[in-house]
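Please read the structure below before turning to the comments.
There are 2 protein chains.
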Amino acid sequence: MKLSNLFIVLFCTFVAKAQVNSDSAMIKRFFDRELSKGQCYDNLKELCKGYGKRLSGSPIAAGAVEWSYNKMKSYGFDNIYKQEVMVPHWVRGVKEKATYRKSDTSKVERVAVCALGGSIGCKIEGAVIEVNSFEVLKALGKEKVKGKIIFFNRPMDDTNINTFGAYSGAVNQRSRGANEASFMGASGVIVRSMSLGLNRFPHTGAMMRYTDSVPKIPACAISTMDAEKLSSDLSKNSKLKFALEMSSEWLPDTLSHNVICEIKGIEFPQEIIVFGGHLDAWDMAEGAHDDGAGVVQCLEALRLFKELGIRPKRTLRCVFFMNEENGMKGGLKYAEEAKKKNEKTILALESDEGGFTPRGFSFDASGDTLKRLINYKRFFEPYYMSDFHEGGGGTDISPLKDQGTVLMDLNPDTQRYFDFHHAATDVFQSVNKRELELGAAGIASMIYLIDKYGL
Amino acid sequence: MKLSNLFIVLFCTFVAKAQVNSDSAMIKRFFDRELSKGQCYDNLKELCKGYGKRLSGSPIAAGAVEWSYNKMKSYGFDNIYKQEVMVPHWVRGVKEKATYRKSDTSKVERVAVCALGGSIGCKIEGAVIEVNSFEVLKALGKEKVKGKIIFFNRPMDDTNINTFGAYSGAVNQRSRGANEASFMGASGVIVRSMSLGLNRFPHTGAMMRYTDSVPKIPACAISTMDAEKLSSDLSKNSKLKFALEMSSEWLPDTLSHNVICEIKGIEFPQEIIVFGGHLDAWDMAEGAHDDGAGVVQCLEALRLFKELGIRPKRTLRCVFFMNEENGMKGGLKYAEEAKKKNEKTILALESDEGGFTPRGFSFDASGDTLKRLINYKRFFEPYYMSDFHEGGGGTDISPLKDQGTVLMDLNPDTQRYFDFHHAATDVFQSVNKRELELGAAGIASMIYLIDKYGL
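Protein chains in written order, with this note's numbering: chain A, 11 to 465; chain B, 11 to 465.
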């Protein structure tokens, strides 16, 4: 090698190393600032305590939109706006009551129930048939099912370390159970809550819209503990009657909003990096982990750029999506508008798996892009975020995939997630400040790298 | 290569691969069984709710010893015994009260305090001097310090991702503060609690025994929130008087016990694998994370061997150490007895960092042994436990190091640990069932590999 060539190689190595060091230093600034002076925890408290049951279409959700908009305004970003979106409007109503007797002479057992999101109201009573799958249901035959209440009682698999995998393995009972049971002639549906282990909280969640071809029948969730009890009682008396009363109902679709803020890029403003979570939440508690955590983390990531005086090359856009829980209208609308405007969204990142200690990121990307993203792991290992893998791309950002956008999820530890998911337990107090902040700093750091080096 | 040689290589590769597969399958059995039918969570509840404030020497600690012994008996292990150990016996007493006035005309402010473990009782009142280090204290000079109450207010470093590192950086104020302040002529000590961020709970913990050369002065902890408030009030009125009353006292040393159970090895019974945590706990709450979690996890690991019908080659011994918190007498006694009996303890594993999601193990080992241990990581990655590194060796097992024992710690996620550590918040409800169980299965799996392949 000629001396001059050697010099070039050495110089390039030096520059590359210096760049890594300066990136590491910047990432440390994000984490240090967030862990010492972060605001996302206080923001989560405001959101949860002020606008807890912010289900799409509700006045509380409208309040949460205003809160979000004003909060973004207070941070003085370049561009802050609400994006109109029509959302479904389902209301739980005040009455949710279920009772049964173990035998004709037993005392009345009261069971805590919650309507599944989308269920009609009802006042029914009927015998119960327990099944653990649609196949078993079908095998019973229409004659046997007719007029009965079908009790879907297949537990989430406790042995699955991937709790979202366990969820996927059971959730069709909730999402499709009412339609399947109605097709067989049932009068109602009880679903074992999507939760791991045994606890006393019913967990709600979306069910599919009723299909027109079958009658609408009501569907409720009971806690995993009550599911065990009901199953045991049924084994002793298969004729026991279950009475269910709920006053849930559908109202007309309502105007709501995605809430959006951004810092304009100074070099490639037309290249957009989107990151967000969903602002709406089920009406059982405060939507702290699902997904208050996600929206305040993403807002915080943008705020950190501002606070640390970092001008991005590309446009950084934080989106609070509306209606992830029961319609996904916000995510669809956002992608539709982006397409109309011919926007170039290079990356979309979602945080919607709870505000727990972040373990890494997952990527819906391929080839060199995927390699480069996974290679960023080295920057995150000092923060115990070393699980970088292919996969994912959350609900709200998924419609952007068609536009060539790389999708990415923040992946926290999720062992506790299904203790809180869609239940009365999902309150601000169930979120740990440091764990939440680590996620916010992690998002800011990842966006920093992608903004700096592109994709 | 001759054909016969090629055959040998292929055969060996096949055997090695089959072995890895069978080990992976066995480890999966541990995790599956634990997550579906584990008993450690119920055991933790019994221990915490039945024997919460089990500080060394107390009747509650004696009850916890009996509970442990009977629990071990109920599992039918080969050998179950109590090992006598004399422990210090300090009692908090009923009165803990602190007040001050911002100014002579202000109303009385009441501050939640707790005596540091080992403090004398007192009824004192005095002016307060805030310092953040021993150097600052010394620089004040004896004249200024004389008769004053010294307020150690150096926070744990929130920006340290390693929360135990943050703890190490602040804990000398608690452990040595009283001695250092007494040397300078102070009348008492207030210590900012060892906790991250701001919360309203005072955290106790051991202080060094008083040195004979200086007068004994009382020492208490106040919450991080109250520390901020007191500091602010002092900045406005440096002359405010702080009144402290505590009725803690030392009683004579008391007979207590380590509690031990084992399964005898069938091939090398003289080689012993020890794993344990500490049974004693501070008297503020229930010692759930510190260290009820550790003892029930280790007991569970042994129980899993029994339940799955795995006969170990080596002797597996679970030890509930007594008196880790304020004397370490159990750990010392255990090592002393092992030495007397000339036991060959090949490995000692400790779980004493809280019952949170396990992230991996750390090893006090070197050379090929360290390499082999770190190489076991591949078996744990499916359970998200991939942080295998050199370091550690917990308090109770550390005296075994001199006997050539390899030391190992279970390392969980610790972002939440100092919310609970030594405070009223360390209750059973703060432990998540799955997170606890993952640790128990992880310990069982690691012991399985070490038993099978030796060290």
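All C-beta atoms, glycine included, are put in the ideal place defined by N, C-alpha and C.
Under the three-state reduction of DSSP output, W77 of chain B falls in the helix class.
With 16 or more neighbouring CB atoms inside 10 Å of its own CB, L448 of chain B falls in the buried class. Along the stretch 32-43 of chain B, going in chain order, the ones with a CB nearer than 9 Å to a CB of chain A are K38, F41, D42 and R43. Along the stretch 261-287 of chain B, there is no position whose C-beta sits under 7 Å from a C-beta of chain A. In this structure, the beta-carbon distance from L240 of chain B to I232 of chain B falls below 8 Å.
Residue range K443 to Y463 is occupied by the alpha helix (DSSP H) that includes L448 of chain B, with no beta strand (DSSP E) assigned at that position. Within its own chain, the residues whose Cβ lies closer than 7 Å to the Cβ of T435 of chain B, once the five positions on either side in sequence are excluded, are F211, A295 and D429, listed in chain order. By the Cβ test, the stretch 30-37 of chain B is not in contact with the stretch 395-411 of chain A, since fewer than three Cβ pairs between them sit closer than 8 Å. A216 of chain A carries a strand assignment under DSSP once its states are collapsed to helix, strand and coil. For chain A, the residues of the stretch 434-461 of chain B that bring a beta carbon within less than 8 Å of one of its beta carbons are N442, K443, R444, E445 and L448, in chain order.
In this structure, B:I159 is the residue among B:G175, B:K226 and B:I159 with its C-alpha nearest to the C-alpha of I200 of chain B.
Contact between the stretch 370-382 of chain A and the stretch 320-327 of chain A is absent: fewer than three C-beta pairs spanning the two stretches fall below 8 Å. In the DSSP assignment, no residue is bridged to K323 of chain A. DSSP places R120 of chain A in no alpha helix (DSSP H) but in the uninterrupted beta strand (DSSP E) bounded by V118 to V121. Taking 8 Å as the threshold, the shortest C-beta distance from G304 of chain A to chain B does not fall below it. When the alpha-carbon of V155 of chain A is set against those of A:G364, A:A137 and A:I282, the nearest one is in A:A137. Remark: C-beta atoms of G340 of chain B and V95 of chain B approach each other more closely than 8 Å. With respect to P392 of chain B, I384 of chain A sits apart: the two C-beta atoms are not nearer than 8 Å. Contact between L45 of chain B and R444 of chain B is confirmed by a C-beta separation of about 7 Å, below the 8 Å threshold.
Per DSSP, reduced to three states, the secondary structure at N15 of chain B is helical. Here T221 of chain A is exposed: its Cβ has fewer than 16 other Cβ atoms, across all protein chains shown, within 10 Å. Annotation for S266 of chain B: the continuous beta strand (DSSP E) segment containing it runs E259 to I273. Out of A:Q93, A:Y85, A:G48 and A:N89, the CA that lies nearest to the CA of L265 of chain A is found in A:Q93. Rounded to the nearest angstrom, the gap between the Cα atoms of S205 of chain A and A191 of chain A is 22 Å.
Rounded to whole angstroms, the gap between the alpha carbons of K107 of chain A and V123 of chain A is 6 Å. Under the DSSP definition of a beta bridge, T355 of chain B partners with B:I282. Cβ-Cβ distances below 6 Å link K274 of chain A to D88 and T325 in the same chain, with the five nearest sequence neighbours on each side left out; the list follows chain order. Bridge partners of H399 of chain B according to DSSP: B:S372. Residue range Y427 to F430 is occupied by the alpha helix (DSSP H) that includes Y427 of chain B.
Taking a C-beta distance under 8 Å as the contact criterion, D290 of chain B and N333 of chain B qualify as a contact pair. Here DSSP, grouped into helix, strand and coil, assigns P165 of chain A to coil.
Any Cβ of chain B closer than 8 Å to the Cβ of Y393 of chain A would place that residue at the interface, and such an atom is present. Within the same chain, N163 and R202 come within 6 Å of A237 of chain A by CB-CB distance, once the 5 residues on both sides are set aside.
When DSSP assignments are scanned along the stretch 104-192 of chain B, the uninterrupted stretches of beta strand (DSSP E) that are 3 or more residues long and fall wholly within it turn out to be 106-111, 118-121, 123-125, 132-141 and 159-162.
Taking 8 Å as the cut-off, the Cβ atoms of G287 of chain A and V305 of chain A count as close.
Bounds of the alpha helix (DSSP H) holding F389 of chain B are K387 to F390.
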